[in-house]
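Undergrad: Could you have a look at this structure, given as C-alpha coordinates, before my questions?
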Amino acid sequence: MAPTQAKTEPSTDFKRTLAVWISNASNPVLLVAVSLIYITNRYVDELQEVIGWSITGLTLIVIAPALIYLLVSRQYDKKIDMDITNRADRPLPLMLASLGALVGGVIVSNRLDSPNLLLMSQTLVAMLMVLTVISLVWKISIHASTMAALVTLLVIFRGRDLLPLYLLLIPLAWARLELKQHTIAQLIGGAMLGVAVTYFASALLRN
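Under our numbering, the letters of the sequence shown match residues 1 to 207, in that order.
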(Lines of atoms letter the chains of each structure in order from A and count residues from 1; the text may use other names and numbers.)
(Lines give C-alpha, C1' and ligand atoms only; values in the text may rest on other atoms or scores of the structure.)
Protein backbone atom coordinates (compact mmCIF):
# COMPACT_ATOMS: atom_id res chain seq x y z
CA MET A 1 0.00 0.00 0.00
CA ALA A 2 1.43 3.36 -1.01
CA PRO A 3 2.21 5.73 1.83
CA THR A 4 -0.30 8.50 2.34
CA GLN A 5 1.05 11.90 1.36
CA ALA A 6 0.69 14.61 3.92
CA LYS A 7 -1.66 17.35 2.81
CA THR A 8 -0.89 20.98 3.37
CA GLU A 9 -3.42 22.69 5.61
CA PRO A 10 -5.49 25.30 3.73
CA SER A 11 -4.82 27.80 6.52
CA THR A 12 -1.07 27.31 6.04
CA ASP A 13 -1.37 27.89 2.29
CA PHE A 14 -3.40 31.04 2.89
CA LYS A 15 -0.95 32.39 5.45
CA ARG A 16 2.00 31.82 3.16
CA THR A 17 0.22 33.37 0.16
CA LEU A 18 -0.74 36.40 2.25
CA ALA A 19 2.84 36.68 3.53
CA VAL A 20 4.18 36.61 -0.04
CA TRP A 21 1.78 39.34 -1.13
CA ILE A 22 2.65 41.57 1.84
CA SER A 23 6.36 40.96 1.34
CA ASN A 24 6.15 41.81 -2.36
CA ALA A 25 4.07 44.92 -1.70
CA SER A 26 6.64 46.15 0.83
CA ASN A 27 9.65 45.32 -1.34
CA PRO A 28 12.24 48.11 -0.87
CA VAL A 29 12.67 48.57 -4.62
CA LEU A 30 8.92 49.04 -5.09
CA LEU A 31 8.63 51.40 -2.11
CA VAL A 32 11.49 53.58 -3.34
CA ALA A 33 10.12 53.60 -6.90
CA VAL A 34 6.61 54.63 -5.84
CA SER A 35 8.00 57.27 -3.46
CA LEU A 36 10.24 58.71 -6.16
CA ILE A 37 7.39 59.02 -8.65
CA TYR A 38 5.12 60.59 -6.01
CA ILE A 39 7.75 63.12 -4.92
CA THR A 40 8.63 64.06 -8.50
CA ASN A 41 4.95 64.58 -9.26
CA ARG A 42 4.73 67.08 -6.39
CA TYR A 43 7.42 69.33 -7.84
CA VAL A 44 6.68 69.08 -11.58
CA ASP A 45 3.59 70.36 -13.35
CA GLU A 46 4.02 68.86 -16.81
CA LEU A 47 3.28 65.15 -17.19
CA GLN A 48 6.13 64.77 -19.68
CA GLU A 49 8.62 66.10 -17.11
CA VAL A 50 7.16 63.88 -14.38
CA ILE A 51 7.74 60.85 -16.59
CA GLY A 52 11.18 62.00 -17.69
CA TRP A 53 12.56 62.75 -14.22
CA SER A 54 10.92 59.67 -12.73
CA ILE A 55 12.63 57.51 -15.34
CA THR A 56 15.95 59.26 -14.64
CA GLY A 57 15.69 58.62 -10.92
CA LEU A 58 14.45 55.05 -11.32
CA THR A 59 17.25 54.25 -13.77
CA LEU A 60 19.97 55.46 -11.41
CA ILE A 61 18.54 54.18 -8.12
CA VAL A 62 16.65 51.02 -9.13
CA ILE A 63 17.10 49.81 -12.70
CA ALA A 64 20.89 50.11 -13.09
CA PRO A 65 21.74 48.37 -9.76
CA ALA A 66 19.17 45.65 -10.52
CA LEU A 67 20.58 45.00 -13.99
CA ILE A 68 24.15 44.80 -12.71
CA TYR A 69 23.03 42.40 -9.97
CA LEU A 70 21.26 40.23 -12.56
CA LEU A 71 24.31 40.20 -14.83
CA VAL A 72 26.67 39.29 -11.99
CA SER A 73 24.30 36.56 -10.78
CA ARG A 74 24.05 35.14 -14.29
CA GLN A 75 27.82 35.21 -14.75
CA TYR A 76 28.33 33.14 -11.62
CA ASP A 77 25.30 30.92 -12.34
CA LYS A 78 23.55 32.10 -9.22
CA LYS A 79 19.82 31.81 -8.74
CA ILE A 80 18.07 35.15 -9.20
CA ASP A 81 16.70 36.21 -5.83
CA MET A 82 14.86 39.53 -5.71
CA ASP A 83 14.97 39.49 -1.90
CA ILE A 84 18.76 38.92 -2.02
CA THR A 85 18.36 36.33 0.71
CA ASN A 86 22.07 35.53 0.86
CA ARG A 87 23.74 38.22 2.97
CA ALA A 88 26.99 37.95 1.01
CA ASP A 89 25.18 39.06 -2.18
CA ARG A 90 23.87 42.30 -0.66
CA PRO A 91 26.84 44.73 -0.55
CA LEU A 92 27.15 45.13 -4.35
CA PRO A 93 23.53 46.14 -5.12
CA LEU A 94 23.42 48.29 -1.98
CA MET A 95 26.58 50.16 -2.96
CA LEU A 96 25.30 50.65 -6.51
CA ALA A 97 21.96 51.91 -5.19
CA SER A 98 23.83 54.32 -2.87
CA LEU A 99 25.82 55.73 -5.78
CA GLY A 100 22.70 55.96 -7.94
CA ALA A 101 20.75 57.71 -5.17
CA LEU A 102 23.58 60.21 -4.67
CA VAL A 103 23.95 61.07 -8.36
CA GLY A 104 20.24 60.89 -9.16
CA GLY A 105 19.26 62.94 -6.12
CA VAL A 106 21.67 65.75 -6.97
CA ILE A 107 20.65 65.87 -10.64
CA VAL A 108 16.89 65.72 -10.11
CA SER A 109 16.71 67.98 -7.04
CA ASN A 110 18.93 70.66 -8.59
CA ARG A 111 16.93 70.59 -11.82
CA LEU A 112 13.64 70.85 -9.94
CA ASP A 113 15.08 73.32 -7.39
CA SER A 114 13.79 71.23 -4.46
CA PRO A 115 15.78 71.30 -1.19
CA ASN A 116 13.39 68.74 0.31
CA LEU A 117 13.99 66.31 -2.54
CA LEU A 118 17.75 66.71 -2.13
CA LEU A 119 17.41 66.13 1.62
CA MET A 120 15.42 62.96 1.03
CA SER A 121 17.94 61.62 -1.48
CA GLN A 122 20.85 62.36 0.88
CA THR A 123 19.01 60.62 3.71
CA LEU A 124 18.46 57.60 1.45
CA VAL A 125 22.17 57.54 0.61
CA ALA A 126 23.09 57.65 4.30
CA MET A 127 20.79 54.75 5.12
CA LEU A 128 21.99 52.66 2.16
CA MET A 129 25.61 53.16 3.18
CA VAL A 130 24.90 52.07 6.75
CA LEU A 131 22.96 49.05 5.46
CA THR A 132 25.89 48.14 3.22
CA VAL A 133 28.32 48.12 6.14
CA ILE A 134 25.99 46.18 8.44
CA SER A 135 25.22 43.63 5.71
CA LEU A 136 28.88 42.65 5.69
CA VAL A 137 28.41 41.01 9.09
CA TRP A 138 24.65 40.69 9.72
CA LYS A 139 21.52 40.07 7.65
CA ILE A 140 19.54 43.10 8.77
CA SER A 141 16.03 43.54 7.33
CA ILE A 142 16.12 45.96 4.40
CA HIS A 143 12.33 45.66 4.11
CA ALA A 144 11.87 46.94 7.66
CA SER A 145 14.51 49.66 7.42
CA THR A 146 13.09 51.03 4.15
CA MET A 147 9.51 51.11 5.41
CA ALA A 148 10.57 52.70 8.71
CA ALA A 149 12.70 55.29 6.90
CA LEU A 150 9.90 56.32 4.53
CA VAL A 151 7.39 56.64 7.36
CA THR A 152 9.91 58.68 9.36
CA LEU A 153 10.38 61.05 6.42
CA LEU A 154 6.62 61.44 6.12
CA VAL A 155 6.37 62.27 9.83
CA ILE A 156 9.24 64.77 9.55
CA PHE A 157 7.74 66.58 6.55
CA ARG A 158 4.01 66.09 7.21
CA GLY A 159 3.71 66.02 10.97
CA ARG A 160 2.92 63.68 13.83
CA ASP A 161 -0.55 62.91 12.52
CA LEU A 162 1.15 60.29 10.34
CA LEU A 163 2.72 58.43 13.28
CA PRO A 164 0.10 55.62 12.97
CA LEU A 165 1.75 54.66 9.67
CA TYR A 166 4.43 52.95 11.75
CA LEU A 167 1.79 50.24 12.32
CA LEU A 168 2.50 49.11 8.75
CA LEU A 169 5.66 47.54 10.16
CA ILE A 170 3.57 44.94 12.00
CA PRO A 171 2.19 43.05 8.95
CA LEU A 172 5.54 43.49 7.22
CA ALA A 173 7.39 41.88 10.13
CA TRP A 174 4.84 39.06 10.32
CA ALA A 175 5.23 38.34 6.60
CA ARG A 176 9.02 38.22 6.74
CA LEU A 177 8.89 35.92 9.76
CA GLU A 178 6.29 33.70 8.12
CA LEU A 179 8.53 33.35 5.06
CA LYS A 180 11.52 32.66 7.33
CA GLN A 181 13.49 35.48 5.73
CA HIS A 182 14.49 37.13 9.01
CA THR A 183 14.63 36.74 12.76
CA ILE A 184 12.79 39.07 15.13
CA ALA A 185 16.10 40.73 16.02
CA GLN A 186 16.89 41.42 12.35
CA LEU A 187 13.46 42.97 11.82
CA ILE A 188 13.63 45.13 14.95
CA GLY A 189 17.17 46.14 14.07
CA GLY A 190 16.12 47.11 10.56
CA ALA A 191 13.17 49.19 11.77
CA MET A 192 15.24 50.96 14.43
CA LEU A 193 18.00 51.65 11.93
CA GLY A 194 15.55 53.13 9.43
CA VAL A 195 14.10 55.48 12.04
CA ALA A 196 17.43 56.47 13.61
CA VAL A 197 19.43 57.07 10.43
CA THR A 198 16.59 58.97 8.77
CA TYR A 199 15.92 61.16 11.79
CA PHE A 200 19.55 62.03 12.53
CA ALA A 201 20.52 62.43 8.86
CA SER A 202 17.56 64.74 8.29
CA ALA A 203 18.36 66.78 11.40
CA LEU A 204 22.03 67.06 10.42
CA LEU A 205 21.46 67.89 6.77
CA ARG A 206 18.77 70.47 7.49
CA ASN A 207 21.17 72.55 9.62
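Note that CB positions come from ideal geometry on N, CA and C, so glycine has one too.
Could you tell me if the beta carbon of Gly52 falls within a distance shorter than 7 Å of some heavy atom in the ligand NAD?
TA: The ligand NAD is not part of this structure, which contains no ligands at all.
Undergrad: Using the Cα positions of Arg111 and Leu163, report the straight-line distance between them to the nearest angstrom.
TA: 31 Å
Undergrad: Enumerate in chain order the residues of its own chain whose CB-to-CB distance from Ala203 is below 8 Å, with the five nearest sequence positions on each side excluded.
TA: none
Undergrad: May I have the straight-line CA-CA distance separating Arg206 from Arg42, to the nearest angstrom?
TA: 20 Å
Undergrad: Near Val103, which residues of its chain fall below 6 Å by C-beta distance, leaving aside the five closest residues on each side in sequence?
TA: Leu60
Undergrad: Using the Cβ count rule (16 or more neighbours within 10 Å means buried), how would you classify Val130?
TA: buried
Undergrad: Indicate the three-state DSSP secondary structure (helix, strand or coil) for Ser26 in the structure shown.
TA: coil
Undergrad: Which value, in whole angstroms, describes the spacing of the CA atoms of Leu94 and Ile140?
TA: 13 Å
Undergrad: Out of Val133, Leu128, Ile134 and Ile63, point me to the one whose CA is closest to Ala149's CA.
TA: Leu128
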